[in-house]
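Novice: This structure is in structure tokens; I'll ask about it shortly.
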Ligand code: CTP
Ligand code: MG
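Numbering (my numbering), first residue to last: 89 to 322.
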């Protein structure tokens with residue numbers, strides 16, 4: 089087994105909730121596009137050998153941007169759902185390697201990822217049998233309601249996490265887990281769910297809460313603030 093690390097970046101979404109004139113990964117954030125921050129932060133990590141990015145087939149924005157990254161970058165067409173986009177990128181990666189590298193799947197829409205969080209993931213998991221993901225402990229009291237918004241239960245927040253990315257698994261295991269969940273029509277919204285469905289136990293690694301997924305327009309201002317904080321400006 090190789091000890092190498094690759095990144096896969098799903099970037100084929102349309103950003104419906106952002107309601108802007110372009111997919112959110114192409115919005116400006118400080119001096120760069122969101123996608124540029126994300127790719128450059130991954131590429132500049134010394135352990136990442138290369139990146140496979142999935143962009144939408146009908147994406148007219150990608151061909152107009154030129155992004156300087158310091159590692160090999162391969163582009164594939166994404167799919168209708170995030171998991172299909174990831175699988176297409178993994179298919180491509182399979183043609184590029186002869187071994188079974190670790191793959192860090194990271195959302196294009198998470199531009200604030202810190203090098204220290206990537207380091208943490210690598211150091212906690214690179215000797216692990218399965219792999220895992222970055223997550224943030226839930227701080228709020230969590231309630232479950234019925235469809236009428238009437239509270240059915242309060243869920244103990246101890247040991248509850250919000251899953252984020254990168255999610256790090258071996259190429260062969262992740263690819264087969266995603267294929268199986270698709271064959272069986274199981275909706276998986278992240279890689280860990282597919283791995284869990286396949287009967288394995290991924291590990292949660294605590295990450296910084298500033299690794300937000302840009303989803304609605306107010307998130308851009310928040311991401312800018314986090315970037316300033318990371319530079320020690322506030
Ligand atoms: N993504 C993808 N392929 C899809 C859908 C999403 O590669 N078919 C990517 C997005 O580009 C994003 C990441 O998966 O980087 C997380 O998805 P999300 O935040 O839901 O992005 P969008 O689907 O673009 O946003 P929305 O759900 O608001 O439309
Ligand atoms: Mg989406």
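For every residue, glycine included, the Cβ atom is placed at its ideal position computed from N, Cα and C.
Run the proximity test for residue 217: is its beta-carbon closer than 7 Å to any non-hydrogen atom belonging to ligand 1?
Specialist: Translated into the one-based positions of the chain shown, residue 217 becomes position 129. No, Cβ of residue 217 sits at least 7 Å from all heavy atoms of ligand 1.
Novice: Classify residue 102 as helix, strand or coil using the three-state DSSP reduction.
Specialist: Sequence index remark: in the chain shown, residue 102 carries index 14 (1-based). Correct three-state label for residue 102: coil.
Novice: Comparing the CB of residue 254 with every heavy atom of ligand 1, is any distance shorter than 7 Å?
Specialist: Residue 254 sits at position 166 when you count from the first residue of the chain shown. Outside the cutoff, so no.
Novice: Could you tell me the alpha carbon to alpha carbon distance between residue 221 and residue 283, rounded to whole angstroms?
Specialist: Taking the first residue of the chain shown as 1, we reach residue 221 at position 133. Taking the first residue of the chain shown as 1, we reach residue 283 at position 195. Taking the straight line joining both Cα atoms gives about 11 Å.
Novice: Taking residue 252 as part of the alpha helix (DSSP H), name the residues at either end of that continuous run.
Specialist: On the chain shown, position 164 is the one that residue 252 refers to. Residue 252 -> not in any alpha helix (DSSP H); beta strand (DSSP E) instead, spanning 249 to 258.
Novice: How big is the Cα-Cα spacing for residue 93 and residue 101?
Specialist: Indexing the chain shown from 1 puts residue 93 at position 5. Indexing the chain shown from 1 puts residue 101 at position 13. The alpha-carbon separation between residue 93 and residue 101 amounts to approximately 24 Å.
Novice: Just to confirm, are residue 122 and residue 194 a CB contact at a threshold of 8 Å?
Specialist: As a position in the chain shown, residue 122 is number 34, starting the count at 1. As a position in the chain shown, residue 194 is number 106, starting the count at 1. 8 Å or more divides the Cβ of residue 122 from the Cβ of residue 194.
Novice: Are residue 171 and residue 260 close, meaning C-beta to C-beta below 8 Å?
Specialist: Position 83 of the chain shown holds residue 171. Position 172 of the chain shown holds residue 260. No. Outside cutoff.
Novice: Using 7 Å as the cut-off, classify the Cβ of residue 170 as near or not near the heavy atoms of ligand 1, replying yes or no.
Specialist: Locating residue 170 in the chain shown gives position 82, where the first residue counts as 1. At a cut-off of 7 Å, the beta-carbon of residue 170 counts as near ligand 1: some heavy atom of the ligand is closer than that.
Novice: Rounded to the nearest angstrom, what separates residue 264 and residue 288 at their Cα positions?
Specialist: Stepping through the chain shown from its first residue, residue 264 is reached at position 176. Stepping through the chain shown from its first residue, residue 288 is reached at position 200. Taking the straight line from one Cα to the other gives about 12 Å.
Novice: Would you identify the three-state DSSP class for residue 115, choosing helix, strand or coil?
Specialist: Position 27 of the chain shown, counting from 1, holds the residue named residue 115. Correct three-state label for residue 115: coil.
Novice: Going by other Cβ atoms of all chains shown within 10 Å of its Cβ, with 16 needed for buried, is residue 237 buried or exposed?
Specialist: Locating residue 237 in the chain shown gives position 149, where the first residue counts as 1. Residue 237 sits exposed, since fewer than 16 C-beta atoms from the chains shown fall within 10 Å of its C-beta.
Novice: Which two residues bound the contiguous beta strand (DSSP E) that contains residue 294?
Specialist: Along the chain shown, one-based indexing puts residue 294 at 206. Taken as a continuous stretch (DSSP letters only), the beta strand (DSSP E) holding residue 294 covers 291 to 294.
Novice: Answer yes or no: do residue 143 and residue 165 have a C-beta to C-beta separation smaller than 8 Å?
Specialist: Taking the chain shown and counting its residues from 1, one reaches residue 143 at position 55. Taking the chain shown and counting its residues from 1, one reaches residue 165 at position 77. For residue 143 and residue 165, yes; Cβs fall inside 8 Å.
Novice: Report whether the distance from the Cβ of residue 101 to the nearest heavy atom of ligand 2 is below 7 Å.
Specialist: Counting from one through the chain shown, the residue named residue 101 turns up at place 13. Checking every heavy atom of ligand 2 against the Cβ of residue 101, one is found closer than 7 Å.
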